[in-house]
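Notes follow the structure.
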Amino acid sequence: MAKTRVIYWFRTDLRLHDSPALRAALDLNAEAFWPIWTWDPHYVYKTRVGVNRWQFLIDCQNDLSKSITRLNPNSKLFLMREAPQTLFPKLFRAWKITHLVFEKDTDPYARARDAVVMEAAKEAGVEVIVRYGRTLWDSDELVKKNGNKPTMSIKQVEAAGPKIGPVPKPIPAPNSMPDPGETTLNFEREVPEQHPDLNEGCREKKDKSYEKIAGPNGDFAVPTLAELGFPPATTPHRGGESIALCSLHKTTSNATYTATFQKPKTAPTAFSPQSTTLLSPHLHFGTLSVRQFYWDVQDVLSSYKGKEKASTPPTSLIGQLLFRDMYFGAQAHLGHAFSSTLHNPKCRFIPWQLSNAPTPTTTPPSNPASTSTYTIDSPQAEAWFQRWKYGRTGFPWIDALMRQLRQEGWIHHLGRHAVACFLTRGGCYVSWERGAEVFEEWLIDHEEACNIGNWQWLSCTAFFAQYYRIYSPVAFGKGWDQHGAFVRRYVPELGTLDEKWIYEPWKAPEEELRRAGVRIEGDGASGSGEEEGVYPQPMFDFAERRTICLEKMKKAYAVGLYGDDHRVLDGSWKHLFDEPSNEHEEEQGSENNRKRKAKGQATLDGHFKKAKI
DNA sequence: AATGTGGTTGATGCT
DNA sequence: TAGCATCAACCACAT
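Take 1 as the starting number for the first sequence in full-length UniProt numbering and just add one per residue.
The following block contains the structure:
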């Protein structure tokens, strides 16, 4: 038997089925094999992981650990509470490791982290094996086949993907796993820097997850929410590969549903059950392989003989997976710059309120944007933002969605459209970055690439540009749910209000409100309007805000700046917006856009010089 | 190079 | 009830 001593490092792939990296690790026929997870202070303190997503992660880890033990009673998922960058060099020596194997991760922080770990492995003489299995196609390969440009449209993905080759077929789960070696830890432990802690506000008690490297009982156990100082989760959705595979099977065993799925025709108001598959959190944690999903759907399609025509990308289920690859491809190319407007060459500059504060340097940030700060440049906008976040806008459709999000960690994609449009270009004119942070904290399926990409889409700063298509906080929900069952479910204080007023309670006559036992009053600010039987006034006249936002968007598009423009970074963009809108300037704007298009990444300087002549 | 067409998911009012 | 034009007018992509 080969004397290989292997660490398999689980990260974005909490599964045994269809894992190219795990297969590569097991093919080493190790004499000792440790399946491990490293607790990462970056994840624990520097990203917004809400209680519900923590619960989901813990579910995934427990399920995976059980599955490993089923393959080998001596093994399980070994959780190590130290940063991988400092842990691995010590672990390599202590356990005489010969191989480290993991799935490639193209998130900007992950790339930097893995580079450090791979360097340490090189120094320790440990061979590193990396395999890709997180998207349909390796995101870096996808970018290459897209002319070394970020994938910014679904057409580009449809063209570039097949150039790489067909989506790899699923790999069966292993049916055995070698014993782990010794698990003694005879080395000094490095306690991570715990401040600042982005999740401090969520904790009821002090975080104790890093007190001992192998957990409180020294058995490498999966942590509990209590250890992290969190209160119990509120989400009804549970994680784990077992559940993920059951859910996938449930979806694909309904051939008609699977083959004719059209995303825009699924109701965002359906809640019991939901109208979509709810497989996104499983894709996020890698408890479901996206390629397994892809091929299971393809199998259904190839044998489908139903009356209704099968759907095709982009609206079909396969189309949804292509969008995911598109966002991963954009992020793989742009790195940290993808996550904010500033420094982002593909993100249109709009002078939103509550935007990320500019970084002092002119180079793209090396730190994740999630540690960004913003200035309250408008108390009004900040108040609207807070009311939006906590579901107290006075628009029941918006509030129901935001409350469902906070409580359950998941809302339908079209619901995300409705609240995102409302916060940004179709109501509050608040930066998409603020909304993205709330989603980061509250979504159990939060995937940085997809979240950032979708917020840019909805705010019409990248991927999508039809800013005049604005969702109404009244009409859109009503179109899907005439009777307001969804609103009643999540905004119970309006539970018995007649359907005539359920989307616009401020218009209801006094006697209707009295009969329904609700008063419409207060400004929805924190600490007010939370009295039982009270629902806030709408925070603004939507029609009025709609018009204002449209004008502002039109202006910003005419000016035509992007996040990497020096005038955006040095603040001189203000002059371009101060000037009153006139014919000449509109022409300049169009010219800007045309020039930019013709010159690719060129700045607008050339045009301005030309314009002066 | 100018022009036309289409773009996963708008709202409204008309036929 | 589904399909269409209108609203105002964006970008990407193909020709």
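Every residue, glycine too, gets a C-beta built ideally from N, C-alpha and C.
On a predicted model such as this, the values are computed, not experimentally measured, just so you know.
Please confirm whether M152 and F463 have their CB atoms less than 8 angstroms apart.
yes
Using a Cβ-Cβ cut-off of 7 angstroms (strictly less than) and excluding sequence neighbours within five positions of C549, which residues of its own chain qualify?
If we look at C549 and ignore the five residues flanking it on each side, its Cβ neighbours are R425, G426, G427 and Y429.
So is T312 buried or exposed if we call it buried at 16+ other beta carbons inside 10 Å?
The C-beta of T312 has fewer than 16 other C-beta atoms within 10 Å across all chains shown, which makes the residue exposed.
Member of G394, E158, D138 and T277 whose CA lies at the smallest distance from the CA of P473:
G394
Who are A32's beta bridge partners in DSSP?
R5
At which residues does the alpha helix (DSSP H) containing V518 begin and terminate?
It is not in any alpha helix (DSSP H) - V518 carries neither H nor E in the DSSP assignment.
Would you call the CB atoms of P281 and D445 closer than 8 angstroms?
yes
According to DSSP, is K535 part of a helix, a strand, or is it coil?
In the sequence under discussion, the amino acid at residue 535 is Tyr, which differs from the Lys named in the question. Of the three classes helix, strand and coil, the one that applies to Y535 here is strand, per DSSP.
DSSP on residue 623, reduced to helix/strand/coil?
Given that the chain is displayed from residue 1 to residue 613, the structure contains no residue 623 and the question cannot be resolved.
Just curious, the alpha helix (DSSP H) that L550 is in, first and last residue?
F542 to V559
Report, in whole angstroms, the separation of the C-beta atoms of D179 and A32, which I expect to be a contact under 8 angstroms.
7 angstroms
Of all the beta strand (DSSP E) runs that stay within the bounds of the region 110-176, which reach a length of 3 or more residues?
127-131
Where do the ends of the beta strand (DSSP E) carrying L79 lie?
F78 to M80
Going by DSSP, which residues form a beta bridge with T38?
M80
Proximity of L458 and G409 at Cβ, strictly below 8 angstroms:
no
Got a sec, what are the start and stop residues for the beta strand (DSSP E) L100 sits in?
H99 to E103
When burial is assigned at 16 or more other CB atoms within 10 Å of the CB, is L334 buried or exposed?
Around the beta carbon of L334, 16 or more other beta carbons sit within 10 angstroms, so the residue counts as buried.
Find the nearest neighbour of Y503 within the set Y467, H417, F577 and T269, judged by alpha-carbon distance.
T269
What are the boundary residues of the alpha helix (DSSP H) that includes H333?
L317 to L334
C-alpha gap between P231 and T38, whole angstroms:
23 angstroms
Please confirm whether Q262 and C347 have their CB atoms less than 8 angstroms apart.
No; because the gap between Cβ atoms is not below 8 angstroms, this pair is not in contact.
Do T359 and G563 have their C-beta atoms within less than 8 angstroms of each other?
Inclusion of T359 and G563 in the CB contact set at 8 angstroms is not warranted, their separation being larger than that value.
Note down the Cα distance separating A159 from V290, rounded to an integer number of angstroms.
If you take the alpha carbons of A159 and V290, they lie about 19 angstroms apart.
Output the distance between the C-alpha atoms of T547 and D541, rounded to the nearest integer angstrom.
10 angstroms
C-alpha distance - E591 paired with K574, whole-angstrom precision
Confidence in E591 is poor, its pLDDT being 44 and thus under 50, which makes the residue's placement too unreliable to answer from.
For K90 and E190, what's the separation of their Cα atoms in angstroms?
11 angstroms
Starting from Q55, trace the alpha helix (DSSP H) both ways and give me its first and last residue.
Segment V51 to L71, the alpha helix (DSSP H) holding Q55.
By how many angstroms is the C-alpha of G495 removed from the C-alpha of R489?
For R489 and G495, the gap between their C-alpha atoms comes out near 7 angstroms.
Just to confirm before moving on: does the CB-CB distance between Y43 and L22 stay below 8 angstroms?
Y43 is not a Cβ neighbour of L22, given a cutoff of 8 angstroms.
Mapping DSSP to helix, strand and coil, what is V191?
DSSP places V191 in coil when its eight states are reduced to three.
Please identify the residue among L87, A30, G133 and T224 whose C-alpha is closest to the C-alpha of V116.
Checked all of L87, A30, G133 and T224; the closest Cα to V116 is L87.
Leaving out the 5 sequence neighbours to the left and right, which residues in its chain are closer than 7 angstroms to I520 when beta-carbon positions are compared?
Answer for I520: P505, W506, L513, Y535 and Q537, listed in chain order.
N582, buried or exposed, once every other Cβ within 10 Å from all chains shown has been counted against 16
At N582 the pLDDT is 49, less than 50, meaning the model places this residue with poor confidence; the figure from the coordinates comes in the next sentence. It counts as exposed.
The region 239-253 contacting the region 384-391, beta-carbon criterion three pairs below 8 angstroms:
Between the region 239-253 and the region 384-391, the count of Cβ pairs shorter than 8 angstroms is below three; the stretches do not touch.
Quick check: P174 and L64, are their CB atoms within less than 8 angstroms of each other?
no
At the level of alpha carbons, what is the spacing between R392 and H483?
21 angstroms
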